[in-house]
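Taking it in order: structure first as structure tokens, then the write-up.
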Amino acid sequence: MPRTILVTGGAGFIGSEVCRYLIRETDARVINVDKLTYAANVRSLDPIANNPRYRLVEADIADRESMAALIAEEQVDAVMNLAAESHVDRSITGAAPFIETNIVGTFSLLEAARAYWNELEGERKQAFRFLHISTDEVYGSLGADGYFTEETPYQPSSPYSASKASSDHLVLAWHHTYGFPALISNCSNNYGPYHFPEKLIPLIILNALEGKKLPIYGKGENVRDWLYVEDHVRALWTILNGGRLGEKYNVGGNNEWKNIDVVKRICAILDDVRGEESPAGGHASLIEFVTDRPGHDARYAIDATKLKDELGWEPQETFETGLEKTVRWYLDNEDWWRPLREGRYDGSRLGLLDRK
Ligand code: NAD
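In terms of the UniProt record's numbering, the numbers along the sequence shown are unbroken and rise by one, the last being 356.
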């Protein structure tokens, strides 16, 4: 098992769960490299901030020299690359940072890691791993039937997914061309605690708590396949340790939900938990349909059979149990989300967004 792991983007939603998980569940040292963009929240790392096995380094993955120096200094055994610009709507209004971080950044990190790996010898060289964390959005949109498998051709629709698709191609090319020990995971929509309030599920929970409108694109018919973030992180750890080099692994929980049904489910949980504090007519009375996003993919659904059969991974949460845990976490952790709602998050068009 890797002893020192470089986690990039570890101050983000999924990356912070990776850092907390690795400190909690393994003996690994965790070096968290994060540029601390608007999407970062170091408070998500409070539970591990003082652990001697954890270190946060503020840096850009596109800065190849810094990455090379850090990887060498820390004698890294594995890289988990989660750093990315991740918000589809932001990629539509301004794609430049998506190209810089998701494509150029991944290239720079690959080169820094490859230079280090080239110099390794023996067991350490054999054991070195580079896991690139990607999304099911690279596959494009599905009709009513079928699932994305690892063989589904890439057909990205948004600047975000196109930039992630590009980075996936780079990673596999580095394996095929240089024998670099890389592999990829492609996961469906994540949800859970510490999710930035502009994303669909926290946005709906928090707007509902504050009696604000619950904006839904189009008629809310778009289907997403939801996975609890901790289940994703367990999958990443499983793939890092057991996955075959040069392979892709799809990660998903078989939890297909229409956006409108996700919102109604959250409203029902809140009606239950808040009882008489609920608005007249229940929280669902706050639902409001807004003009659809351009190029909005109709449906994503993941076939995770390869990961399950080859590596024995299974999600532990159902959507119902995970969603209930998530709602309760937001109810109990106002001191985490309140500053985001009141400061950096302004409720502008970027506040009307759904999902990742
Ligand atoms: P996020 O936006 O919450 O976090 C991204 C983190 O990366 C932030 O802390 C940010 O500061 C950091 N970052 C951005 N640019 C950087 C740079 N140039 N150098 C170093 N750090 C930088 O994202 P997330 O939702 O946690 O997603 C993490 C990864 O997982 C992404 O690669 C994303 O594509 C992928 N993914 C996300 C989902 C999802 O549902 N959220 C699903 C599948 C895959």
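Note that CB positions come from ideal geometry on N, CA and C, so glycine has one too. In this text the structure is predicted, and so the values were computed from the model without any measurement.
Count Cβ pairs between the region 250-257 and the region 300-312 that sit closer than 8 Å; are there 3 or more? Because the criterion of three Cβ pairs below 8 Å is met, the region 250-257 and the region 300-312 touch.
At the level of alpha carbons, what is the spacing between Ile-205 and Arg-114? Those two C-alpha atoms are separated by around 43 Å.
Do Leu-36 and the ligand NAD come close, with the Cβ less than 7 Å from some heavy atom? Relative to the ligand NAD, Leu-36 has its C-beta within less than 7 Å of a heavy atom.
Tell me Pro-215's beta-bridge partners as DSSP assigns them. In DSSP, Pro-215 forms a bridge with Glu-288.
Ser-185 lies in the beta strand (DSSP E); which residues open and close that run? Run containing Ser-185: 182-187, per the beta strand (DSSP E) assignment.
Drop a sphere of 10 angstroms on the beta-carbon of Pro-52, count the other beta-carbons inside from all chains shown, and report buried for 16 or more, exposed for fewer. Under this definition Pro-52 is an exposed residue.
Have a look at the DSSP bridge pairing and note the partners of Arg-224. Arg-224 pairs with Trp-257.
Give the DSSP-derived three-state secondary structure of His-195 in the structure shown. Here DSSP, grouped into helix, strand and coil, assigns His-195 to coil.
Decide if His-283 is buried, meaning its Cβ has at least 16 other Cβ atoms within 10 Å, or exposed. Answer is buried; the Cβ neighbour count reaches 16.
Contact check, Ile-61 vs Ala-83, beta carbons under 8 Å: A contact, by the Cβ cut-off of 8 Å.
Where Arg-244 and Gly-281 are concerned, what is the direct C-alpha to C-alpha distance, given to the nearest angstrom? Looking at the backbone, the Cα of Arg-244 and that of Gly-281 are separated by about 53 Å.
Measure the C-alpha to C-alpha separation of Ser-185 and Thr-135 and round it to an integer number of angstroms. Whole-angstrom Cα-Cα distance: 7 Å.
Cα separation between Val-18 and Asn-81? Taking the CA atoms as reference points, Val-18 sits about 11 Å from Asn-81.
Can you give me the start and stop residues for the alpha helix (DSSP H) that Phe-148 sits inside? Element bounds for Phe-148: n/a, residue is neither H nor E.
Measure the C-alpha to C-alpha separation of Thr-149 and Leu-172 and round it to an integer number of angstroms. Each residue's Cα considered, the two are about 17 Å apart.
State the Cα-Cα distance for the pair Asn-189 and Cys-267, rounded to the nearest angstrom. Cα atoms of Asn-189 and Cys-267: separation of roughly 20 Å, rounded to the nearest angstrom.
Measure the alpha-carbon distance for Arg-20 versus Arg-55 and round it to whole angstroms. About 12 Å.
How would you label Glu-137, buried or exposed, when you count the other beta carbons within 10 angstroms and need 16 or more for buried? Here Glu-137 is buried, its C-beta having at least 16 other C-beta atoms within 10 Å.
Answer yes or no: do Leu-246 and Leu-183 have a C-beta to C-beta separation smaller than 8 Å? Per the sequence shown, the amino acid found at residue 246 is Gly instead of Leu. In contact: Gly-246 and Leu-183 (Cβ atoms closer than 8 Å).
To test your reading of the DSSP string, which unbroken beta strand (DSSP E) runs of 3 or more residues are found completely within the region 7-69? Entirely contained in the region 7-69, the beta strand (DSSP E) runs reaching 3 residues are, in chain order, 29-34, 54-58.
With three or more C-beta pairs closer than 8 Å as the rule, is the region 225-239 touching the region 159-167? Contact fails: fewer than three Cβ-Cβ distances are below 8 Å.
Spatially closest choice to Arg-269 from Ser-86, Trp-336, Thr-321, by CA coordinates: Arg is not the amino acid found at residue 269; the sequence shown has Ile there. Ranking Ser-86, Trp-336, Thr-321 by Cα distance to Ile-269 puts Thr-321 first.
Check whether the Cβ of Val-229 lies closer than 8 Å to any Cβ atom in chain B. Protein chains in the displayed structure number just one, and chain B is not present.
Nearest-angstrom Cα separation, counted from Arg-234 out to Leu-307: Approximately 12 Å, taken between the alpha carbons.
Beta bridge counterpart(s) of His-132 as assigned by DSSP: Asn-81, Ile-184.
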